[in-house]
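**Student:** The opening residue of the sequence shown carries number 1 in the UniProt record's numbering; numbering runs sequentially from there. Ideal Cβ placement from N, Cα and C applies to all residues, glycine included. Please read these numbers as outputs of a predicted model, since none were measured by experiment. Here's a structure for you.
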Amino acid sequence: MRWLREKCVIWPSVAPQAAREIKSLIEDSVGKVDVGSTLVESAGETMAEIVSAVTRVTDIMGEIASASDEQSRGIDQVGLAVAEMDRVTQQNAALVEESAAAAAALEEQASRLTEAVAVFRIQQQQQQQRETSAVVKTVMPAAPRKMAVADSGENWETF
């Protein structure tokens with residue numbers, strides 16, 4: 001400003017031209033300020049849109065995190081279920097093995113019992129064969145036949 005004032009004092013003929021230059025500079029500055037204001041306003045709107053988009057992204061990320069937590073809990077539950085199924089399968093396999101061993105032991109005992117009973121059956125069958133042959137050899141005399149007696153029919157009423 002001092003330069004301008006000195007210019008106006010030193011060169012009075014230059015003052016109107018300087019005023020035009022100043023006016024031109026002021027108009028140019030006002031135009032630039034208007035453009036800057038428009039740009040600032042546009043930047044403000046863009047920033048508001050960015051903030052809105054960031055808010056939406058934050059909400060979506062929160063939903064994704066929540067869904068991920070839920071899926072993680074679900075996967076943990078599946079893992080627990082698989083572990084429980086494995087435990088029960090192992091337990092069932094052990095029970096099947098025990099049952100097979102018990103069945104084999106029962107089969108062995110049944111075989112021994114069959115052998116033990118077979119001895120008695122053979123002796124019993126031999127005894128029955130001896131008794132049958134003794135009965136065949138001793139023929140008993142036939143029982144006398146009773147003769148039919150004629151009945152007078154008097155006792156029919158009490159019957």
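Take Phe159 and list the residues in its own chain whose beta-carbon comes closer than 8 Å to its own, dropping the five residues that flank it on each side.
**Tutor:** Any reading at Phe159 needs caution, since the residue's pLDDT is 48, under 50, leaving its predicted position unreliable; the model's value is listed next. Nothing listed; no residue qualifies.
**Student:** Can you grab the Cα-Cα spacing for the pair Leu39 / Thr46, in whole Å?
**Tutor:** In a straight line, the C-alpha of Leu39 is about 10 Å away from that of Thr46.
**Student:** Distance, Cα to Cα, Gln71 vs Gln91?
**Tutor:** The straight-line gap from Cα to Cα measures roughly 30 Å.
**Student:** Could you check if Leu113 belongs to the surroundings of the ligand COA, using beta carbon to heavy atom distance under 7 Å?
**Tutor:** The ligand COA is not part of this structure, which contains no ligands at all.
**Student:** From Ala43 to Thr58, what does the alpha carbon distance come to, in whole angstroms?
**Tutor:** Computed Cα separation, rounded: 22 Å.
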